[in-house]
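In the working numbering, the protein residues as written are 225 to 447.
Every residue, glycine too, gets a C-beta built ideally from N, C-alpha and C.
Here it is in structure tokens:
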């Protein structure tokens with residue numbers, strides 16, 4: 225009873241997300257209400273239609289409620305929608321379409337995920353914080369990538385063909401033919417993409433530089 229009373233006081237006093245989450249943890253009663261989340265009734269009704277295989281069971285409930293709201297708001301649960309997106313139903317692919325990190329540097333856990341389009345060729349990437357409300361969305365035409373996350377300080381390519389420490393946590397978006405990082409730009413307040421060079425890219429670039437030097441040397445000798 226003392227623990228319950230403390231949780232109730234905490235939730236009332238703060239009246240915000242963290243207080244209500246504590247109440248949920250202590251009582252087991254899902255009374256949490258956040259703008260970016262599906263309400264408890266809608267979540268209970270639509271969660272199985274949203275998360276269709278057990279591989280998504282480990283997604284924390286706050287993120288699940290946010291995703292269900294994204295599905296509802298986007299009309300992805302309607303059979304009559306022309307732009308339906310869905311989570312992959314391929315079990316060994318499912319863990320590769322979800323990533324977590326502190327992507328915007330706001331000291332709050334955030335989630336990135338990939339949804340596939342019903343054309344089975346295209347997809348979309350979403351990023352949103354645990355409170356819900358999408359902070360980044362992009363349609364990926366003719367792409368079905370996988371994603372992973374990396375921590376601040378990991379070595380990545382940005383503006384130059386030179387590895388530098390990542391300024392923030394970020395996302396690796398990878399297909400069979402290419403790899404990009406998606407990272408938040410604190411100055412422009414946007415998510416930017418940067419191509420990640422392969423060893424072959426670097427080797428070819430170095431070869432081109434060598435050829436350029438040869439031409440310059442030959443020209444100087446002719447003079």
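Would you report the Cα separation of residue 420 and residue 265, rounded to the nearest angstrom?
Those two C-alpha atoms are separated by around 44 Å.
With H, G and I counted as helix, E and B as strand and the rest as coil, what does DSSP make of residue 427?
Helix at residue 427.
Nearest to residue 379 by alpha carbon, out of 396, 363, 369 and 370?
It is 396 whose Cα lies nearest to the Cα of residue 379.
Measuring straight from C-alpha to C-alpha, what distance separates residue 443 and residue 426?
Only weak support exists for where residue 443 lies, its pLDDT of 37 falling under 50; the coordinates are left without a value.
Can you tell me whether DSSP reads residue 329 as helix, strand or coil?
If DSSP states are grouped into helix, strand and coil, residue 329 belongs with coil.
Taking the C-alpha atoms as reference points, what is the distance between residue 363 and residue 354?
Near 22 Å, if we compare the C-alpha coordinates of residue 354 and residue 363.
To test your reading of the DSSP string, which unbroken beta strand (DSSP E) runs of 3 or more residues are found completely within the stretch 316-396?
List check, beta strand (DSSP E) in window: 322-325, 334-341, 347-353, 360-364, 370-374, 379-381 and 387-389.
Run the CB neighbour count on residue 408, radius 10 Å, all protein chains shown included, and call it buried at 16 or more, exposed below.
When all chains shown are included, residue 408 counts as buried.
Over what stretch of residues does the beta strand (DSSP E) that includes residue 403 continue unbroken?
From DSSP, the beta strand (DSSP E) with residue 403 extends over 403-409.
Sorted by chain position, which residues of the same chain lie with C-beta nearer than 7 Å to residue 404's C-beta, five sequence neighbours on each side aside?
Same-chain partners within the cutoff: 397, 417, 418, 419 and 420.
Can you give me the C-alpha to C-alpha distance between residue 390 and residue 327, rounded to a whole angstrom?
In a straight line, the C-alpha of residue 390 is about 11 Å away from that of residue 327.
Can you check which of these residues, 329, 263, 401 and 348, is closest to residue 308 by C-alpha distance?
Comparing Cα positions, the closest option is 348.
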